[in-house]
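Read through the structure below, which is laid out as structure tokens, and then see the notes.
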Amino acid sequence: MAFELPELPYAKDALEPHIDAQTMEIHHGKHHAGYTSKLNAAIEGTSLENESIEDILQNISQHSGTVRNNGGGYYNHDLFWKVMGPNGGGNPSGELADAINEAFGSFDNFKNEFSNAAATRFGSGWAWLIVGADGKLHVTSTPNQDNPLMDIAETKGTPILGLDVWEHAYYLKYQNRRPDYITAFFNVINWDEVASRYKVVK
Ligand code: MN3
């Protein structure tokens, strides 16, 4: 069974002005589509066709670099689209807000730590908010299309928020100004989605 490119949960221009429509169109329609089709080509005719993407990622050390890069790209972008939205931004509430305060001291401290992880990831990669094996929230980052579900990740856990800091995610609008893109991301985070993911994992 092949993996399918998920539809964007909103219009391509819905995140304007923070993330522009052209970037969304290319990022989803070309980049994410490319990871999906390359993942499918790499697993065709193998036992991985019957596994969930999470199971594949959790045993990624046993699979090829092609599966690692494209399986990560498939999963990471699916999460990325869903944790953003046109009515995003603001602050989390409820038990997610409590967990952020407990782990980082305050929402502002979390925001600084996450932004710093995104800004200092050298080259291409992702910044994450994860639920670790200890049940607590942590900020981490990974190179390329790796993610914290992978058994090879330095810091493992279940991601509930992710930010793509590959240049393809921001260069058309922000050029080399990655920090401006990171600031803009906080205006489109769908905290309800992040909170419901937290509820499932914790
Ligand atoms: Mn990307």
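Each residue of the sequence shown is one higher than the last, beginning at 5 in the numbering used here.
Even for Gly, the Cβ is constructed at its ideal location relative to N, Cα and C.
Owing to the predicted nature of the structure, the values given are computational and were not obtained by experimental measurement.
- Sixteen is the threshold: since fewer than 16 other Cβ atoms of the shown chains lie within 10 Å of the Cβ of Phe-126, the residue is exposed.
- Unbroken alpha helix (DSSP H) stretches of 4 residues or longer found wholly inside the stretch 174–204: 175–178 and 182–189, given in chain order.
- At least one heavy atom of ligand 1 lies closer than 7 Å to the C-beta of Ala-173.
- Counting of Cβ neighbours within 10 angstroms places Ser-145 among the buried residues, the total reaching 16 or more.
- With at least 16 other beta carbons inside 10 angstroms of its own, Ala-103 counts as buried.
- As DSSP reads the structure, Trp-170 sits in no beta bridge.
- Per DSSP, the continuous alpha helix (DSSP H) segment holding Leu-100 begins and ends at 98–108.
- Every alpha helix (DSSP H) of 4 residues or more that sits fully in the stretch 53–81 is shown, in chain order, as 57–62.
- The beta carbon of Asp-168 sits closer than 7 Å to at least one heavy atom of ligand 1.
- Relative to the non-hydrogen atoms of ligand 1, the Cβ of His-31 comes within a distance shorter than 7 Å of at least one.
- In the pairwise beta carbon analysis, the stretch 148–157 is classified as touching the stretch 75–84: at least three pairs are separated by under 8 Å.
- Here Met-88 carries a strand assignment [DSSP, helix/strand/coil].
- By the Cβ-count criterion, Ala-121 is buried, with 16 or more other Cβ atoms from all chains shown falling within 10 Å of its own Cβ.
- By the CB criterion at 8 Å, Leu-133 and Phe-118 fall inside the cutoff.
- Pairing Asn-191 with Gly-49, the inter-Cα distance amounts to about 43 Å.
- The three-state secondary structure of Leu-12, taken from DSSP, is coil.
- Contact between Lys-86 and Pro-13 holds, since their C-beta atoms are separated by about 6 Å, short of 8 Å.
- Ranked by how close their Cα comes to the Cα of Gly-38, the residues Glu-53, Ile-193 and His-81 have His-81 in first place.
- Ranked by how close their Cα comes to the Cα of Phe-7, the residues His-35, Leu-43 and Arg-201 have Leu-43 in first place.
- In this structure, the C-beta of His-22 stays at least 7 Å away from each heavy atom of ligand 1.
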